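Asker: Have a look at this one before I ask anything.
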Amino acid sequence: MNAIQTQIAGFIAIITTALGGLTGGVQDAVASVEAQFAGSSQSATAATTAGAGAITPASSSGQVSTTSIYLAVNEYRARHGLAPIASNPQLKNIAQNWADHMARTGVPAHNPNYLGQYPAGWREGGENVHQNWRGASPQEVVQAWHNSESHRLNQADPNFNQIGVGVAYSADGRMWVVTNYMR
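FYI, the UniProt record's numbering numbers position 89 of the sequence shown as 89, with every residue one higher than the one before it.
Here you go:
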């Protein structure tokens with residue numbers, strides 16, 4: 001494990017210990033972590049409009065959020081014996097911009113230039129996209145990726161050590177989720 005992975009593993013261990021009595025998994029963990037940040041400069045803000053027709057939910061809105069997907073991916077990786085993956089703000093911007101784009105256009109597709117947008121120094125990259133009409137839970141989104149070989153290869157790649165997550169909702173209620181991975 002590199003230094004970042006070790007720090008993340010420690011952070012997850014602290015959260016897991018602090019939330020020991022919770023039974024709702026990622027949903028409760030997200031709510032508890034967000035409650036810890038309430039009132040700080042890091043707290044989630046109200047939903048913001050990210051272009052006409054695309055809505056990015058606040059992570060405390062009860063909808064799937066970037067935080068809940070990030071935690072669900074790391075929960076998945078832990079269940080499969082993989083190291084946790086660190087959040088990368090540059091990848092998060094790429095993923096969020098693409099989720100917003102899909103929500104605006106209504107077209108589920110991979111970003112044709114995601115690797116061209118990655119920060120300098122990347123060696124390997126991947127992208128998962130998800131569109132859902134019924135409001136799946138974070139675990140259901142991650143399971144859908146698991147059920148697709150190419151998507152599973154990204155989220156279970158032991159070499160990927162950084163992730164960016166984007167979540168948007170279109171006006172018609174569809175949820176759009178993007179994860180960008182790199183090492």
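The beta-carbon is built from N, C-alpha and C at its ideal position, and this holds for glycine as well.
Here the structure is a predicted model, which is why all the values come from computation and not from measurement.
Do you know whose CA, among 110, 152 and 178, lies nearest residue 82's CA?
Answerer: Numbered from 1 along the sequence shown, position 82 holds the residue referred to as residue 82. Of the candidates 110, 152 and 178, the one whose C-alpha sits nearest the C-alpha of residue 82 is 152.
Asker: Just to confirm, is the Cβ distance from residue 97 to residue 162 under 7 Å?
Answerer: Here residue 97 is taken as the residue at index 97 of the sequence shown, counted from 1. Here residue 162 is taken as the residue at index 162 of the sequence shown, counted from 1. No, the pair does not count as a contact, with Cβ atoms beyond the cut-off.
Asker: Would the beta-carbon of residue 127 fall within 7 Å of that of residue 101?
Answerer: Start at 1 with the first residue of the sequence shown, and residue 127 comes out as number 127. Start at 1 with the first residue of the sequence shown, and residue 101 comes out as number 101. Going by C-beta atoms, residue 127 is not nearer than 7 Å to residue 101.
Asker: Looking only at DSSP bridge pairs, what is residue 75 linked to?
Answerer: Here residue 75 corresponds to residue number 75 of the sequence shown, with the count starting at 1. Answer by DSSP bridge pairing: none, since residue 75 is not bridged.
Asker: Alpha carbon to alpha carbon, how far is residue 85 from residue 166?
Answerer: Translated into the one-based positions of the sequence shown, residue 85 becomes position 85. Translated into the one-based positions of the sequence shown, residue 166 becomes position 166. Approximately 15 Å, taken between the alpha carbons.
Asker: Might you give, ordered along the chain, the residues of its own chain that have their beta carbon closer than 8 Å to the beta carbon of residue 118, omitting 5 neighbours on each side?
Answerer: In the sequence shown, residue 118 corresponds to position 118, counting from 1. Cβ neighbours of residue 118 beyond the five flanking positions: 90, 91, 94, 125, 180 and 182.
Asker: Just the C-alpha distance for residue 68 and residue 158, rounded to the nearest angstrom, thanks.
Answerer: The sequence position of residue 68 within the sequence shown is 68, counting from 1. The sequence position of residue 158 within the sequence shown is 158, counting from 1. Distance between the alpha carbons of residue 68 and residue 158: 21 Å.
Asker: Quick one: using the 10 Å Cβ neighbour count with 16 as the cut-off for buried, is residue 52 buried or exposed?
Answerer: In the sequence shown, the residue the question calls residue 52 occupies position 52. With a pLDDT of only 43 at residue 52, under 50, the local geometry of the prediction cannot be trusted, and the value read off the model is given with reservation. It counts as exposed.
Asker: Is residue 163 helix, strand or coil when you go by DSSP?
Answerer: On the sequence shown, position 163 is the one that residue 163 refers to. Residue state, collapsed to three classes: strand.
Asker: Would you say residue 99 and residue 168 are within 7 Å of each other, going by their C-beta atoms?
Answerer: Counted from its first residue, the sequence shown places residue 99 at position 99. Counted from its first residue, the sequence shown places residue 168 at position 168. The answer is yes: Cβ separation under 7 Å.
Asker: What distance in whole Å lies between the Cβ atoms of residue 103 and residue 176, which are believed to be in contact at a cut-off of 8 Å?
Answerer: The residue given as residue 176 occupies position 176 in the sequence shown. The residue given as residue 103 occupies position 103 in the sequence shown. With 8 Å as the limit, residue 176 and residue 103 qualify as a contact, their Cβ atoms being about 5 Å apart.
Asker: Would you check if the distance between the CB atom of residue 112 and the CB atom of residue 131 is smaller than 7 Å?
Answerer: On the sequence shown, position 112 is the one that residue 112 refers to. On the sequence shown, position 131 is the one that residue 131 refers to. No. Outside cutoff.
Asker: On the criterion of 16 or more Cβ atoms from any shown chain inside 10 Å, does residue 77 qualify as buried, or is it exposed?
Answerer: Taking the first residue of the sequence shown as position 1, residue 77 is located at position 77. Residue 77 is buried by the Cβ-count criterion.
Asker: Roughly how many angstroms lie between the CA atoms of residue 64 and residue 135, to the nearest whole one?
Answerer: Stepping through the sequence shown from its first residue, residue 64 is reached at position 64. Stepping through the sequence shown from its first residue, residue 135 is reached at position 135. Their Cα atoms are separated by approximately 8 Å.
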